[in-house]
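Engineer: Structure provided below as structure tokens; questions to follow.
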């Protein structure tokens with residue numbers, strides 16, 4: 001990308017754009033910076049409303065050198081629909097659901113990997129790995145297949161079977177890990193130099209956050225740049241929420257937004273609530289979650305989000321909050337959404353449940369305009385048995401030992 | 001709808017538009033007729049390219065009275081992507097896949113039911129039933145939920161479990177039928193007067209065909225109205241194919257298409273090939289399939305499509321053909337598509353397999369421009385066990401007897 005730069009979200013250190021850099025030496029994640037005046041001029045010359053109905057309509061705000069050669073499967077520009085019944089029941093002025101499950105591979109993760117894999121391809125990289133609670137694994141698998149990269153995905157043992165199956169079908173080398181997502185991430189970090197993997201995990205490279213940013217760009221454009229009051233987002237690693245916030249900040253700086261940024265609300269499930277706990281403790285710094293996780297195997301089960309401090313800062317800066325809901329509330333919310341004809345992933349239902357809770361507490365008020373994100377397709381989470389042939393590992397040493405007999409551990413190639 | 005009419009596709013009998021009419025007395029299906037000059041003027045005044053990214057951008061060509069009140073979940077305007085690797089391998093000028101699995105409920109059936117349920121709602125109807133091989137059941141379930149109609153769906157015993165689960169989650173009263181889709185249809189026909197059901201089965205009402213028509217309108221607009229050479233479509237009841245053809249005829253009459261209509265190709269699976277058999281026999285009339293069906297439980301397993309004669313006529317008029325592929329070819333094609341990162345429903349894979357076959361036979365030639373339709377999401381077809389509590393019936397008499405104890409047979413309400 002020409003004329004861009006990177007600025008650390010932690011220490012504000014600024015360097016010229018470099019697609020190969022992920023995190024700052026301070027541990028903060030790097031944000032890609034753009035010449036926004038130039039973007040604005042380009043949007044004026046070629047109006048957004050006449051552009052292709054994919055997230056690549058915003059190519060000037062994505063760091064890919066050759067957007068016309070991007071690795072694309074038709075991602076983004078997903079529908080945003082109102083739920084009039086619940087607007088009435090909850091006395092809201094507007095209630096929208098952004099249906100991001102209608103992406104390739106049935107989840108919002110398509111956005112991040114379309115950009116990330118495009119960037120890797122531009123750099124000539126051909127091996128990429130990701131630790132995932134599920135949807136990132138299958139999305140990487142699909143985009144890597146499309147871009148002809150070799151993909152390696154590492155998921156927790158209890159990752160939904162259908163999503164694991166999907167990853168394998170798209171041809172990713174797929175491994176189950178005795179542990180949680182950070183244990184999966186450690187395997188990649190430990191093995192990357194020997195194996196030649198690029199780690200495309202949350203906050204490890206620039207593309208995924210930028211891709212997820214398009215959720216915010218679309219939200220704005222689909223609402224004619226009139227900001228809602230509140231935005232609720234299921235928060236695991238948090239890069240979706242960070243991406244949306246970054247997008248709205250860029251549009252604000254370009255002078256395109258009407259109204260203040262919405263209040264950002266992070267939603268988690270009881271049993272793994274690092275963001276909720278630290279937000280309400282008032283602490284300034286993010287500390288790893290010390291309790292045992294007992295929540296469900298979904299995208300929001302991330303005990304130690306790599307950019308936790310940034311999430312807290314966004315919630316506070318926008319006057320938002322963080323909230324945890326329990327299994328009973330989630331099941332109830334899923335049922336409510338389904339009876340509106342809307343596929344409700346656990347993550348989408350978590351968000352809907354938190355809306356109900358926050359209306360009750362008064363954190364969301366009558367007459368407000370609210371946006372929910374449904375990040376994945378419900379059907380991906382049905383309990384589905386996996387063949388026992390999928391290799392299970394606990395650490396990189398085990399991976400290295402087992403890979404000696406490659407035939408046994410690549411169930412689908 | 002004002003100023004519209006109905007014309008029988010069988011005998012050309014023409015009557016004023018009436019939303020309550022499905023089939024002509026001759027057995028032919030009625031087509032909705034529009035004042036195309038008026039549509040053209042309306043599109044000139046408000047250009048398509050500036051409209052909402054749903055199939056309702058074509059509301060002037062849909063028979064709904066109040067499109068602004070349509071029962072919508074964000075359907076249509078799905079991506080169409082190229083597969084450059086296979087363009088090269090097959091020496092094609094262009095190879096596109098229309099990704100219609102990226103619709104609400106993960107299939108193209110969303111289109112038909114968005115219109116059908118909207119029409120039923122306008123008529124004040126509150127009970128609707130459908131016989132289905134699966135995707136129509138879950139799509140009706142979702143749109144009926146959204147429109148607050150009561151939905152009854154009847155599927156064959158071996159209907160994919162995940163789709164049955166989906167129907168129930170959206171709140172449809174769901175029944176498994178000892179038999180095939182026409183046996184399911186007979187239950188509805190036999191019971192409709194006693195139960196107050198409207199039969200929304202293929203060719204029974206006007207909305208579904210008109211909704212599916214938007215696949216053709218989008219194809220045209222997404223290709224800048226330049227027609228491809230060949231269009232391959234998985235053919236069960238055939239209303240998708242008929243809808244696309246009707247759309248292109250309307251656009252042609254409006255003077256908007258460049259080039260001839262593409263050659264339409266119907267694709268079926270070995271083991272249930274009524275269209276293929278009769279097409280190649282050269283017979284003029286459609287006769288019910290007399291052999292035992294041995295094909296898979298997918299959308300193309302329809303031994304006796306209600307508008308079979310019309311399908312034959314479209315294939316012949318456009319210089320197309322009909323082709324059947326077997327399980328081995330389908331599995332191979334599924335694998336090819338997945339390794340391009342594309343979700344491949346059995347129906348989508350059937351189409352891809354038939355492309356390979358027709359390139360080999362020379363029916364599709366080097367340098368041609370080809371469009372494939374992927375009508376549903378692959379994950380919906382994973383083998384998934386259903387609870388034994390779902391009622392199984394063989395005929396309407398059994399339904400009527402069992403419904404006496406409503407609690408036992410409505411697994412989800």
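Chains as they are written, first to last, in my numbering: chain S, 1 to 413; chain H, 1 to 413.
Where is the CB? At the ideal position from N, CA and C, for every residue including glycine.
#1: By the criterion of Cβ-Cβ separation under 8 Å, what are the contact partners of residue 50(S) in chain H?
#2: Which residues does DSSP pair with residue 269(H) in a beta bridge?
#3: For residue 24(H), count neighbouring C-beta atoms within 10 Å of its own C-beta (all shown protein chains included) and say buried if the count is 16 or more, exposed if not.
#4: With 7 Å as the C-beta to C-beta threshold (strictly closer), list the residues of the stretch 138-156 of chain H near chain S in chain order.
#5: So that I know if they touch, is there some Cβ in chain S lying closer than 8 Å to that of residue 434(H)?
#6: With distance defined between alpha-carbon atoms, name the residue in 264(H), 303(H) and 214(H) nearest to residue 369(H).
#7: By the 8 Å beta-carbon criterion, what residues does the stretch 90-101 of chain S contribute toward chain H?
#8: Return no unless some Cβ of chain S is closer than 8 Å to the Cβ of residue 332(H).
#9: Going along the stretch 27-57 of chain H in order, which residues come within less than 8 Å of chain S, judged by CB to CB distance?
#10: For residue 340(S), which residues in chain H fall below 7 Å Cβ to Cβ?
#11: Of the residues that make up the stretch 100-118 of chain H, which ones have a beta carbon closer than 8 Å to any beta carbon in chain S?
#12: Could you check if residue 413(S) is buried or exposed, using at least 16 other CB atoms within 10 Å of its CB as the buried criterion?
#13: Name the chain S residues that come within less than 7 Å of residue 170(H), Cβ to Cβ?
#14: If you drop the 5 nearest sequence neighbours on each side, which residues of the same chain put their C-beta closer than 6 Å to that of residue 7(H)?
#15: Let's test the definition: count the other Cβ atoms within 10 Å of the Cβ of residue 121(H) and tell me whether it reaches 16, buried, or not, exposed.
#16: Mark residue 329(H) as exposed unless 16 or more other C-beta atoms lie within 10 angstroms of its C-beta, in which case mark it buried.
#17: Given that residue 72(H) touches chain S, what residues does it touch there, using C-beta distances under 8 Å?
#18: Please check if any C-beta of chain H sits within less than 8 Å of the C-beta of residue 60(S).
#19: Chain H beta carbons: is any one of them nearer than 8 Å to that of residue 77(S)?
#20: Name, in chain order, the residues that DSSP records as bridge partners for residue 23(H).
#21: Mind checking which residues open and close the alpha helix (DSSP H) that includes residue 228(S)?
#22: Rounding to the nearest angstrom, what Cα-Cα distance links residue 268(S) and residue 178(S) in this structure?
#23: Just reading off the alpha helix (DSSP H) that residue 252(S) is part of, what are its end residues?
#24: Mind checking if residue 162(S) is an interface residue toward chain H, Cβ cutoff 8 Å exclusive?
#25: Taking just the CA atoms, how far does residue 281(S) sit from residue 82(H)?
#26: At what residues does the beta strand (DSSP E) containing residue 96(H) begin and finish?
#27: Name, please, each residue of chain S whose Cβ falls closer than 7 Å to the Cβ of residue 380(H).
#28: Residues in its own chain within less than 6 Å of residue 204(S) by CB, not counting five upstream and five downstream?
#29: Using 8 Å for Cβ pairs, my map puts residue 116(H) next to residue 197(H). What's the rounded Cβ distance?
#30: Can you look up residue 18(H) in the DSSP assignment and give me helix, strand or coil?
#31: Using only CA atoms, which one of 60(H), 235(H) and 219(H) lies nearest to residue 42(H)?
#32: CB-CB under 6 Å to residue 340(S), same chain, minus the five flanking residues each way: which ones, in chain order?
#33: Excluding the 5 residues flanking residue 200(S) on each side, which residues of the same chain have their C-beta closer than 6 Å to its C-beta?
#34: What are the residues in the stretch 164-197 of chain H lying within 9 Å of chain S by C-beta distance?
#35: Residue 19(H) and residue 63(H) - do their beta-carbons sit closer together than 8 Å?
#36: Do residue 381(H) and residue 354(H) have their CB atoms nearer than 8 Å?
Structural biologist: Result, derived from the coordinates:
#1: The residue given as residue 50(S) occupies position 50 in the first chain. Going along chain H in sequence order, the residues near residue 50(S) (Cβ under 8 Å) are 49 and 50.
#2: The count along the second chain starts at 1 and reaches residue 269(H) at position 269. Answer is 272(H) and 325(H).
#3: Here residue 24(H) is taken as the residue at index 24 of the second chain, counted from 1. By the Cβ-count criterion, residue 24(H) is buried, with 16 or more other Cβ atoms from all chains shown falling within 10 Å of its own Cβ.
#4: Cβ contacts with chain S come from 142, 143, 145 and 146.
#5: No statement about residue 434(H) is possible, as the shown extent of chain H runs from 1 to 413 and does not include it.
#6: Here residue 369(H) is taken as the residue at index 369 of the second chain, counted from 1. The candidate whose alpha carbon is nearest that of residue 369(H) is 264(H).
#7: 99
#8: Start at 1 with the first residue of the second chain, and residue 332(H) comes out as number 332. No - not a single Cβ of chain S is within 8 Å of the one on residue 332(H).
#9: Taking 8 Å as the Cβ-Cβ cut-off against chain S, the residues of the stretch 27-57 of chain H that qualify are 49, 50, 53 and 54.
#10: Along the first chain, one-based indexing puts residue 340(S) at 340. Ordered by position in chain H, the residues that pass the 7 Å Cβ test against residue 340(S) are 145 and 146.
#11: 102, 103, 104, 105 and 106
#12: Within the first chain, residue 413(S) is the residue found at index 413, counting from 1. Any reading at residue 413(S) must be qualified, since the residue scores a pLDDT of 40, below 50, and its modelled position is unreliable; the value itself is stated next. It counts as exposed.
#13: Residue mapping note: residue 170(H) aligns to position 170 of the second chain, counting from 1. Chain S residues near residue 170(H): 338 and 341.
#14: One-based indexing of the second chain puts residue 7(H) at position 7. If we look at residue 7(H) and ignore the five residues flanking it on each side, its Cβ neighbours are 14, 31 and 33.
#15: Start at 1 with the first residue of the second chain, and residue 121(H) comes out as number 121. Residue 121(H) should be labelled buried.
#16: Residue 329(H) sits at position 329 when you count from the first residue of the second chain. Buried, because 16 or more other Cβ atoms sit within 10 Å of the Cβ of residue 329(H).
#17: To locate residue 72(H), count along the second chain from 1; it is residue 72. Within 8 Å Cβ-Cβ: 81.
#18: Your numbering for residue 60(S) matches position 60 in the first chain. Chain H, which has no Cβ nearer than 8 Å to the Cβ of residue 60(S), makes this no.
#19: Mapped onto the first chain, residue 77(S) falls at position 77. For residue 77(S), the answer is yes, since a Cβ of chain H falls inside 8 Å of its Cβ.
#20: Translated into the one-based positions of the second chain, residue 23(H) becomes position 23. For residue 23(H), which the question treats as bridged, DSSP gives the partners 29(H).
#21: Indexing the first chain from 1 puts residue 228(S) at position 228. Neither: residue 228(S) is in no alpha helix (DSSP H) and is coded neither H nor E.
#22: What you label residue 268(S) is simply residue 268 of the first chain in a count that begins at 1. What you label residue 178(S) is simply residue 178 of the first chain in a count that begins at 1. So the two alpha carbons sit approximately 23 Å from each other.
#23: For the purposes of this step, residue 252(S) is identified with residue 252 of the first chain, where counting begins at 1. 239-253 is the span of the alpha helix (DSSP H), which, as asked, contains residue 252(S).
#24: Locating residue 162(S) in the first chain gives position 162, where the first residue counts as 1. Yes, because at least one Cβ of chain H sits closer than 8 Å to the Cβ of residue 162(S).
#25: In the second chain, residue 82(H) corresponds to position 82, counting from 1. In the first chain, residue 281(S) corresponds to position 281, counting from 1. If you take the alpha carbons of residue 82(H) and residue 281(S), they lie about 51 Å apart.
#26: Taking the first residue of the second chain as 1, we reach residue 96(H) at position 96. Counting along the chain, the beta strand (DSSP E) containing residue 96(H) begins and ends at 94-99.
#27: By 1-based counting over the second chain, the position of residue 380(H) is 380. Correct list: 379.
#28: Locating residue 204(S) in the first chain gives position 204, where the first residue counts as 1. Within the same chain, residue 204(S) has close Cβ partners 22.
#29: For the purposes of this step, residue 116(H) is identified with residue 116 of the second chain, where counting begins at 1. For the purposes of this step, residue 197(H) is identified with residue 197 of the second chain, where counting begins at 1. The Cβ separation is near 13 Å, so there is no contact.
#30: The count along the second chain starts at 1 and reaches residue 18(H) at position 18. Residue state, collapsed to three classes: coil.
#31: Taking the first residue of the second chain as position 1, residue 42(H) is located at position 42. Ranking 60(H), 235(H) and 219(H) by Cα distance to residue 42(H) puts 60(H) first.
#32: Here residue 340(S) refers to the residue found at position 340 when the first chain is read from its first residue. When the five nearest sequence neighbours on each side are left out, the beta carbons in the same chain lying within less than 6 Å of the beta carbon of residue 340(S) are those of 83, in order along the chain.
#33: Residue numbering aside, residue 200(S) sits at position 200 when the first chain is read from its first letter. Residues 116, 128 and 130 of the same chain have their beta carbon placed closer than 6 Å to that of residue 200(S), with the five preceding and five following residues left out of the count.
#34: 165, 166, 169, 170 and 171
#35: Reading the second chain from its first residue, position 63 is the one you call residue 63(H). Reading the second chain from its first residue, position 19 is the one you call residue 19(H). Yes. Within cutoff.
#36: On the second chain, residue 381(H) is found 381 positions in, with the first residue counted as 1. On the second chain, residue 354(H) is found 354 positions in, with the first residue counted as 1. Cβ distance not < 8 Å, so residue 381(H) and residue 354(H) don't count as in contact.
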